[in-house]
Structure formats: C-alpha cells, structure tokens
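Working notes, structure below.
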Amino acid sequence: MFYCIRNIVREKKPKAFFLENVKGLLSIEGGDTIKTMLHLLRDQCEYYVPEPEVINALDFGLPQDRERVFIVGFSKETGIEDFEYPAPMISAEKGRSSISAQCWKTGRDA
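Residue numbering for the sequence shown follows the numbering used here, beginning at 292 and increasing consecutively.
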C-alpha cells in the first residue's frame, strides 16, 4: 500500500501530504518499515518530511482513546523546512479523562 502512496506523491507532486496509520507502524520489523518509508519520501520524492508523531485523539477533545501515527511532508517549492505537530489541547495532567467525560455523551445517552 505504501508504495502506491509513494507513486502518487511522485507523480502528482502535491505541495503537501498528510498520512495517518496505526501506532504499531513505528515498530514493524524493528522500525525498519518506517525508516524505509521516510527514506523513499525524503530521498526519492524529495520532500521535507519531519519525524512522524504519535497523537491521541483524546488529547484533542475527541471521545475516543485512539493513538495514531501521523506523517506529513512538504515539497521543496513550499520552502517549509520546519514543522511542529500541534500540542495537545487536553492533557492527562489536566485530567483529560474527566474533561472528555463531561463534554461528550455516550451512544446510550444520545
């Protein structure tokens, strides 16, 4: 599947791309899979691709404890050479579980 994505990026040359996948992607084959993906995007496709980031939906107020790995890339023509993923809006230190519980209804409540 990833090689199809690489081919699309190479052929369509988008100014930016945004990918998400399961957190486990980072540990497949001892991390070699993600290293290969980053190499292909950075070197073959010639994109600026910062290190992937694991983000949990709970940290952004969503009622789902879901960790996903995110990968972004920018073409050289954008001039973007620095990127920071967004900081969590709700952190565990602030009691994200209780905040989320107050903000969201369950399927039963709806």
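Even for Gly, the Cβ is constructed at its ideal location relative to N, Cα and C. Being a predicted model, the structure only gives us computed values, none of them experimental.
Comparing C-alpha distances from residue 354 to each of 306, 299, 381 shows the shortest one belongs to 381.
In this structure, residue 339 and residue 372 form a Cβ contact; the two beta carbons are roughly 6 angstroms apart against a cut-off of 8 angstroms. Under the three-state reduction of DSSP output, residue 294 falls in the helix class.
In this structure residue 351 does not touch residue 305 by the C-beta definition: roughly 24 angstroms separates them, more than the 8 angstroms allowed. If you ignore the 5 residues before and after residue 348, its C-beta comes within less than 6 angstroms of the C-beta of 355, 357, all in its own chain and listed in chain order. At a Cβ-Cβ threshold of 8 angstroms, residue 376 and residue 361 count as neighbours. Residue ranges of uninterrupted beta strand (DSSP E) with 3 or more members are absent from the stretch 314-342; none lies entirely inside it.
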